[in-house]
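*Asks:* First the structure, which I've put down as structure tokens, then a few questions once you've had a look.
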């Protein structure tokens with residue numbers, strides 16, 4: 121049992137006052153233990169969690185899925201629900217233990233003194249009520265304003281969160297606003313009663329990168345100007361680095377490290393924190409290396425931990441780690457780490473299992489790539505929702521998802537597609553697999569028109585092109601075992617011998633790093649990373665040449681994501697697979713792709729070898745995208761961020777798709793004429809009205825990128 | 443919204459046109475010959491033929507249909523062969539009585555069913571929830587005629603509190619009118635309540651788990667506001683659809699209940715027409731029942747749009 125007095129983090133007031141006269145914390149969480157109970161037993165979501173947030177301070181609470189970070193935030197709000205229960209501990213807010221207050225008083229605090237913003241703005245606003253009414257509610261409830269007074273205040277609040285047309289937005293229903301606008305409205309709601317503490321639960325996770333950058337900027341500004349304290353729950357270390365002064369790292373419901381953000385992220389002391397920081401894909405890293413990853417999965421606890429929670433996955437673990445729980449070791453500055461070896465490991469980095477093993481040099485492919493591309497996309501165009509009808513008011517022109525896109529994918533080549541939601545990136549992937557019929561243009565696969573073949577009922581080519589989706593759980597039938605799910609494509613491919621199929625499945629599972637016995641398991645018995653391995657194994661079952669990975673690692677935790685990226689890179693090297701790697705995360709794509717397409721509004725705005733795209737000249741959108749990539753302390757200087765306006769209208773029309781949001785827009789020409797394509801000798805193409813020479817004058821977003829790395833591999 | 447309503451009305455007209463053809467054909471295919479039925483068992487062939495010519499039965503089907511359909515478009519539903527009266531007033535009277543039954547029964551079902559559903563959802567898993575589920579199951583599992591008979595026995599025969607059947611027009615006074623309605627309404631409510639309560643419960647449970655409900659709570663809204671303002675409006679969408687279908691169902695006649703309580707609504711009229719082989723009456727009744735059903739559904743969709751601003755705006759855009 122962790123009853124040692126030092127089990128509390130160093131930031132508790134007793135220790136803090138000993139070192140420096142710091143103000144008393146606004147929020148002081150002590151020994152918080154939370155469990156979820158159901159008929160099958162109890163699950164410990166948080167064990168003896170402690171941290172403190174001082175007035176005006178933003179604290180990051182980071183951890184992967186299942187670490188208990190959101191549970192803790194909900195416990196502070198008294199909104200646990202779903203069988204969740206606080207077993208013990210104190211939640212001191214302004215000196216009062218919230219747990220001792222009756223439910224009605226806690227409710228009165230919510231939205232007034234303690235306000236919250238949640239992850240998904242798209243679902244956090246009630247679709248049936250106007251935005252203004254929803255922002256006004258707490259003002260009327262807590263401050264006793266009349267609806268008329270509240271309406272005036274609502275417009276002020278909307279203006280403060282950067283909405284230019286507050287009156288219109290207040291009268292609008294949520295679905296009429298973009299995601300960024302919705303999140304601004306939620307932030308306005310939270311600010312309404314001038315709270316002292318904000319609980320921000322992954323407030324930007326569901327947003328596009330460029331929108332995220334703006335919301336983070338806004339939150340940082342508001343916390344500063346309103347002297348707000350905030351608990352910032354996030355899995356994204358880069359974002360935490362931007363906005364938080366202190367950070368608390370959770371693993372398996374236990375605080376493993378706490379301290380100043382700069383120190384924790386640049387010199388993590390706990391092995392888990394080391395692994396987490398190392399596994400983060402970085403644009404500036406040498407891409408020929410494998411990403412360091414953390415093996416294994418998070419263990420679920422049913423009671424107090426009897427050993428170090430991280431020991432099963434820790435490369436530094438010894439017998440002592442596995443036999444007794446760890447106490448929090450603290451110093452006077454408010455830093456704490458729950459690892460008895462922390463001092464001994466101070467200079468030791470997270471081990472890179474193949475630190476010396478560069479990816480295999482890829483030979484002989486370049487020439488082949490040039491001679492005969494595997495996939496040729498020519499003037500692809502896709503319109504959704506167009507309809508012809510005898511009733512004139514039902515005729516619709518439809519929405520353009522992809523507008524005149526042409527590119528090729530060579531054999532053994534990985535082409536990344538980067539873009540935000542609605543950019544048409546998934547539609548491109550679906551068109552390549554003949555899952556959607558192009559409205560115009562052709563897709564040639566190995567020289568043949570795949571769409572026409574599939575239409576004729578010929579599935580042979582389709583077997584050579586496979587798909588891995590984002591949602592690993594939803595892409596597996598919950599009632600079929602892993603083996604049965606993988607058997608199906610083999611049967612369809614005409615493999616009649618059941619015994620032989622069984623062997624193939626075992627081989628494929630081994631190939632993706634899973635035990636062959638997993639064939640008898642059901643999807644719910646696997647972790648997210650394991651399920652994604654099964655999806656990859658299934659995609660490989662028909663021995664394809666080409667795999668479309670549609671956000672295949674986006675839903676995974678950082679440590680698992682690194683694992684899967686390494687696996688995909690290995691398979692590419694060994695089996696000569698080609699990928700179309702669709703993602704919103706340019707850091708991820710920079711790790712695996714040879715070439716990148718940057719798409720916006722259904723058009724390709726920049727295309728080229730990854731090393732070229734990451735360096736100037738940039739398309740203005742690429743530049744904004746790169747500058748929005750969050751960086752960790754110690755990774756080099758932060759580039760000046762280019763903040764884009766929220767999209768006011770959907771892209772479309774005759775001009776450049778990006779014109780409405782472009783910070784470097786020239787003028788009417790951008791709205792009226794399609795941009796010319798500048799092309800350089802090494803296959804770098806930029807579609808922009810700005811001359812290439814002018815684009816090249818911009819400073820590099822990542823000046824530390826090695827020159828050698830910039831050359832196409 | 444206007445464009446949407448227009449579109450739906452066009453579809454409605456198409457459905458009714460197709461329906462009229464089907465009704466016409468099916469009634470032609472029914473066993474028995476109208477002319478000989480009218481002429482009676484012992485009539486000579488000449489008499490039967492004369493009647494057939496008089497009714498236009500000797501003409502090709504398509505011509506007969508043309509005459510009939512043209513009449514309907516003019517508002518002339520034809521004459522009942524058995525009652526020897528114009529059909530329209532008879533039908534309207536029966537429809538009015540069914541409408542009264544439908545409106546009263548649906549109002550009770552909506553209020554009680556939605557109330558119970560919300561209660562069960564809020565107290566999910568607790569005794570209230572189980573009680574609501576249990577009782578509503580009993581209502582749905584036991585056939586409606588059983589409840590009807592039980593009610594007739596208890597309130598009519600033993601307690602002698604209520605009339606066991608028939609109908610009194612409201613011109614006879616409110617009490618006689620209402621007392622004749624009580625038993626059929628209660629039977630209908632027992633029949634329909636369970637579905638509405640259970641549907642409301644499950645969609646309410648879904649809505650209570652949404653992020654916007656969580657956010658409303660995080661804003662410190664009292665639970666009553668969270669449930670009534672934030673959750674209920676969104677949870678009612680599926681319930682509205684089912685209520686509208688039920689409305690069409692009652693309006694179209696609930697034969698068993700109307701028969702047991704001798705309630706002279708659409709159901710009894712249709713039954714009468716079929717038993718007497720009154721072809722024009724059958725055709726007109728079925729057509730009106732279909733139209734009532736379609737209109738009820740249209741009303742549901744428009745209500746749906748009214749409750750859900752997303753749909754409302756989508757329509758404006760179209």
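Chains as they are written, first to last, in the numbering used here: chain S, 121 to 833; chain E, 443 to 760.
C-beta atoms are modelled at their ideal positions from N, C-alpha and C, and glycine is treated no differently.
1) Taking all protein chains shown into account, do 16 or more other C-beta atoms lie within 10 angstroms of the C-beta of residue 670 of chain E, making it buried, or fewer, making it exposed?
2) Please look up how many angstroms separate the CB atoms of residue 672 of chain S and residue 606 of chain S, rounded, as I've assumed it's under 8 Å.
3) Taking CB distances under 8 Å as the criterion, tell me whether residue 244 of chain S reaches chain E.
4) Quick check on residue 667 of chain E: does DSSP put it in helix, strand or coil?
5) Using the Cα positions of residue 354 of chain S and residue 501 of chain S, report the straight-line distance between them to the nearest angstrom.
6) Quick one: grab the DSSP three-state call for residue 681 of chain S.
7) For residue 663 of chain E, which residues in chain S fall below 7 Å Cβ to Cβ?
8) I need the straight-line Cα distance from residue 622 of chain E to residue 740 of chain E, nearest angstrom please.
9) Give me the Cβ distance between residue 537 of chain E and residue 716 of chain E, rounded to the nearest whole Å; I'm assuming they're in contact under 8 Å.
10) For the beta strand (DSSP E) that residue 164 of chain S lies in, which residues bound it at each end?
11) Name the one or two DSSP bridge partners that residue 728 of chain S has.
12) Residue 569 of chain E touches chain S at which residues, Cβ-Cβ below 8 Å?
13) Could you tell me which whole beta strand (DSSP E) segments of length 3 or greater appear in the region 342 to 395 of chain S?
14) Go through its chain and collect everything with a Cβ distance to residue 612 of chain E's Cβ below 7 Å, but skip five positions before and after it.
15) Using a beta-carbon distance below 8 Å, is residue 659 of chain E in contact with chain S?
16) Note down, in chain order, each residue of its chain lying with its Cβ closer than 8 Å to the Cβ of residue 121 of chain S, except the 5 sequence neighbours on either side.
17) From residue 627 of chain E to residue 616 of chain E, what does the alpha carbon distance come to, in whole angstroms?
18) Is residue 416 of chain S closer than 8 Å to residue 165 of chain S when the C-beta atoms are compared?
19) Between which two residues does the beta strand (DSSP E) harbouring residue 586 of chain S extend?
20) Hey, how far is the Cα of residue 588 of chain E from the Cα of residue 552 of chain E?
21) Starting from residue 236 of chain S, find everything on chain E with Cβ-Cβ shorter than 7 Å and list it in chain order.
22) Note down, in chain order, every chain E residue with its Cβ under 9 Å from the Cβ of residue 324 of chain S.
23) For residue 210 of chain S, name the three-state secondary structure that DSSP assigns.
24) Which residues in chain S sit within 9 Å of residue 683 of chain E, going by Cβ to Cβ distance?
25) Using the DSSP secondary-structure output, state which residues sit across from residue 798 of chain S in a beta bridge.
26) Out of S/217, S/192, S/225 and S/328, which has the shortest C-alpha to C-alpha gap to residue 540 of chain S?
27) For the region 214 to 237 of chain S, which residues have a beta carbon sitting closer than 8 Å to at least one beta carbon of chain E?
28) Let's see if you can read the secondary structure: which residues bound the alpha helix (DSSP H) around residue 155 of chain S?
29) Which runs of the beta strand (DSSP E) fall wholly inside the region 633 to 690 of chain S and span at least 3 residues, in chain order?
30) Answer yes if the region 198 to 209 of chain S comes into contact with the region 171 to 182 of chain S, meaning at least three C-beta pairs across the two stretches below 8 Å, and no otherwise.
31) For residue 527 of chain S, which of helix, strand or coil comes out of DSSP?
32) I want to verify the contact list: residues of chain S whose CB lies under 7 Å from the CB of residue 452 of chain E, in sequence order.
33) Suppose contacts are defined by Cβ-Cβ distances below 8 Å. Is residue 751 of chain E in contact with residue 291 of chain S by that definition?
34) Does any C-beta atom of chain S lie closer than 8 Å to the C-beta of residue 448 of chain E?
35) Quick check on residue 445 of chain E - is its C-beta less than 8 Å from some C-beta in chain S?
36) Thinking C-alpha only, which one of E/743, E/733, E/728 and E/568 is nearest residue 467 of chain E?
*Replies:* Quick look at the numbers:
1) Exposed.
2) 17 Å between Cβ atoms; not a contact.
3) Residue 244 of chain S counts as touching chain E.
4) Here residue 667 of chain E sits in helix by DSSP.
5) Roughly 38 Å separates the two Cα atoms.
6) If DSSP states are grouped into helix, strand and coil, residue 681 of chain S belongs with the helices.
7) Result: 257 and 261.
8) Distance between the alpha carbons of residue 622 of chain E and residue 740 of chain E is about 30 Å.
9) About 17 Å separates the beta carbons of residue 537 of chain E and residue 716 of chain E, which is beyond the 8 Å limit, so they are not a contact pair.
10) 161 to 173 is the extent of the beta strand (DSSP E) around residue 164 of chain S.
11) The partner list for residue 728 of chain S (beta bridge, DSSP) reads S/716.
12) Think of a sphere of 8 Å around the beta carbon of residue 569 of chain E: no beta carbon from chain S falls inside it, the nearest being about 18 Å out.
13) With a minimum length of 3 residues, the continuous beta strand (DSSP E) runs that stay inside the region 342 to 395 of chain S are 349 to 354, 366 to 371 and 374 to 380.
14) The answer, listed in chain order, is 619.
15) So yes, residue 659 of chain E belongs to the interface.
16) Unreliable positioning characterises residue 121 of chain S in this predicted model, as indicated by a pLDDT of 39, which lies under 50. The coordinate reading is nonetheless provided below. Cβ neighbours of residue 121 of chain S beyond the five flanking positions: 424 and 445.
17) If you take the alpha carbons of residue 627 of chain E and residue 616 of chain E, they lie about 16 Å apart.
18) No, the pair does not count as a contact, with Cβ atoms beyond the cut-off.
19) For residue 586 of chain S, the uninterrupted beta strand (DSSP E) segment begins and ends at 585 to 588.
20) Rounded to whole angstroms, residue 588 of chain E and residue 552 of chain E show a C-alpha spacing of 23 Å.
21) Residues of chain E with a Cβ closer than 7 Å to the Cβ of residue 236 of chain S are, in chain order, 660.
22) Within chain E, no residue comes near residue 324 of chain S; the closest Cβ sits about 15 Å away, beyond 9 Å.
23) In this structure, residue 210 of chain S counts as strand in the three-state DSSP scheme.
24) Under the 9 Å cutoff, chain S gives no residues; its nearest Cβ is about 16 Å from residue 683 of chain E.
25) Answer is S/806.
26) For the options S/217, S/192, S/225 and S/328, the alpha carbon positioned closest to that of residue 540 of chain S is the one of S/328.
27) Going along the region 214 to 237 of chain S in chain order, one finds 227, 228, 229, 230, 231, 232, 235 and 236 with a Cβ nearer than 8 Å to chain E.
28) Unbroken run through residue 155 of chain S is the beta strand (DSSP E), 147 to 158; no alpha helix (DSSP H).
29) Note on the region 633 to 690 of chain S: whole beta strand (DSSP E) runs with a minimum of 3 residues are 666 to 670, in chain order.
30) Under the Cβ criterion (8 Å, minimum of three pairs), the region 171 to 182 of chain S does not count as touching the region 198 to 209 of chain S.
31) In the structure shown, residue 527 of chain S sits in a strand (DSSP, three-state: E or B).
32) Contact note: residue 452 of chain E reaches chain S through 511, using a C-beta cutoff of 7 Å and chain order.
33) The criterion of a C-beta distance shorter than 8 Å is not satisfied by residue 751 of chain E and residue 291 of chain S.
34) Taking 8 Å as the CB threshold, residue 448 of chain E lines the interface with chain S.
35) Yes - at least one Cβ of chain S is within 8 Å of the one on residue 445 of chain E.
36) Closest in C-alpha terms to residue 467 of chain E, from the list E/743, E/733, E/728 and E/568, comes E/728.
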